[in-house]
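Colleague:
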Amino acid sequence: MPIYILIIALILLVASLIWIIVAKSKFSVLGVAFLIGISIFAMAFWQSRRPETSLRVVGYASKLFESDLVKWNVSLQKNVSAAELSRGYRDMNSDIMAFKSYLIEQGLAEKDISIQPASSYQRFDNNGNMTGYNINQSIFVLSQELDLVEDLALNSDFFADRSIVLNNSRLEYLYTKLPVLKKELLAAATEDALARAFEIASSAGTGLGKLREARAGVFQITEPYSTDVSDYGIYNTSTRQKSISVTLTGYFGLR
Numbered sequence: 076m077p078i079y080i081l082i083i084a085l086i087l088l089v090a091s092l093i094w095i096i097v098a099k100s101k102f103s104v105l106g107v108a109f110l111i112g113i114s115i116f117a118m119a120f121w122q123s124r125r126p127e128t129s130l131r132v133v134g135y136a137s138k139l140f141e142s143d144l145v146k147w148n149v150s151l152q153k154n155v156s157a158a159e160l161s162r163g164y165r166d167m168n169s170d171i172m173a174f175k176s177y178l179i180e181q182g183l184a185e186k187d188i189s190i191q192p193a194s195s196y197q198r199f200d201n202n203g204n205m206t207g208y209n210i211n212q213s214i215f216v217l218s219q220e221l222d223l224v225e226d227l228a229l230n231s232d233f234f235a236d237r238s239i240v241l242n243n244s245r246l247e248y249l250y251t252k253l254p255v256l257k258k259e260l261l262a263a264a265t266e267d268a269l270a271r272a273f274e275i276a277s278s279a280g281t282g283l284g285k286l287r288e289a290r291a292g293v294f295q296i297t298e299p300y301s302t303d304v305s306d307y308g309i310y311n312t313s314t315r316q317k318s319i320s321v322t323l324t325g326y327f328g329l330r
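According to my numbering, the residues represented by the sequence shown are 76 to 330, in order.
1. Return the Cβ separation of Val155 and Ile190 in integer angstroms, given the expectation that the two are a contact with Cβ distance under 8 Å.
2. Quick one: Cα of Ala264 to Cα of Val145, how far?
3. Given a cut-off of 9 Å on the beta-carbon distance, is the pair Leu241 and Ser195 in contact?
4. With DSSP run on the structure shown, which of helix, strand or coil describes Lys153?
5. Helix, strand or coil for Ala184 per DSSP?
6. Is Tyr250 helix, strand or coil by DSSP?
7. Would you list the one or two residues that DSSP bridges to Ala136?
8. Excluding sequence positions up to five away, which residues of its chain have a Cβ less than 6 Å from the Cβ of Thr251?
9. Going by DSSP in three states, Ile171 sits in which element: helix, strand or coil?
10. Which first and last residues belong to the alpha helix (DSSP H) in which Phe215 is found?
11. Rounding to the nearest angstrom, what Cα-Cα distance links Ile239 and Glu220 in this structure?
12. If Thr312 sits next to Leu249, beta carbons under 8 Å apart, how far is it from one beta carbon to the other, in whole angstroms?
13. Distance, Cα to Cα, Leu183 vs Glu266?
14. Over the uninterrupted alpha helix (DSSP H) stretch that includes Ile193, give me the two end residues.
15. Just how far apart, CA to CA, sit Ile214 and Ile188?
16. Excluding the 5 residues preceding and the 5 following Tyr300 in the sequence, name in chain order all residues of the same chain whose CB lies nearer than 8 Å to its CB.
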């Protein structure tokens, strides 16, 4: 017989004896309270010694998908002398507007093009003397015409023909139906956890009960077939093709 069963029996026996003694005295209320306390302690002890009756499994689901939205960030730069700041602003505005017209001519919608305010900062030589200004201005495109935007971003003729300094050009790929995709992945991960739990329980000759608790992990959105993971999740925007994955920890009862 397990030792914890003997301990519980002993506790109950001592409690009964104390109850008999106390019940005959005027302190019966204290006796009841004492007996209740002993009983609660015995039950808690018994529960702590019970064998595990739940099964923990981790389900997994992943899917490849393609972005349906692209953001093209373009930053232009113009370097002017200290006396040419006003002209530099005018020239930058002319370049930006020409670039916007070029994008529209190539087939992009005007509503998909946003122009940011210009900014400037001073330049200094090695002796600390100001030599001029660097003027920067950004324009970004947010469009579902991925092929068109990619072709435009890879073609630098517009900037070369006008001797425009291209300070930065970057494509970011996004997906507008991500909430729906996440729900699908959670459902698939739950099904995978259930299948794993059923296989384990069947192999052990135990019946599988209901799902008691489920905890979803963070989503990892990476380039295809990447092994990168992060505790806070990943959202890779550098590739058009992406992979999304998630884990789900399920706790199942056993019968």
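The C-beta atom is built at its ideal place from N, Cα and C for all residues, glycine as well.
Modeller: Per the coordinate set shown:
1. Incorrect: roughly 20 Å between the Cβ atoms, too far for contact.
2. 29 Å
3. no
4. strand
5. coil
6. coil
7. Val321
8. Asp143 and Leu144
9. helix
10. Per DSSP, Phe215 belongs to no alpha helix (DSSP H); it is in the beta strand (DSSP E), Met205 to Ser218.
11. 25 Å
12. 6 Å
13. 43 Å
14. The residue you asked about is not Ile; residue 193 is Ala in the sequence shown. Run containing Ala193: none; DSSP gives neither H nor E here.
15. 7 Å
16. Ser318
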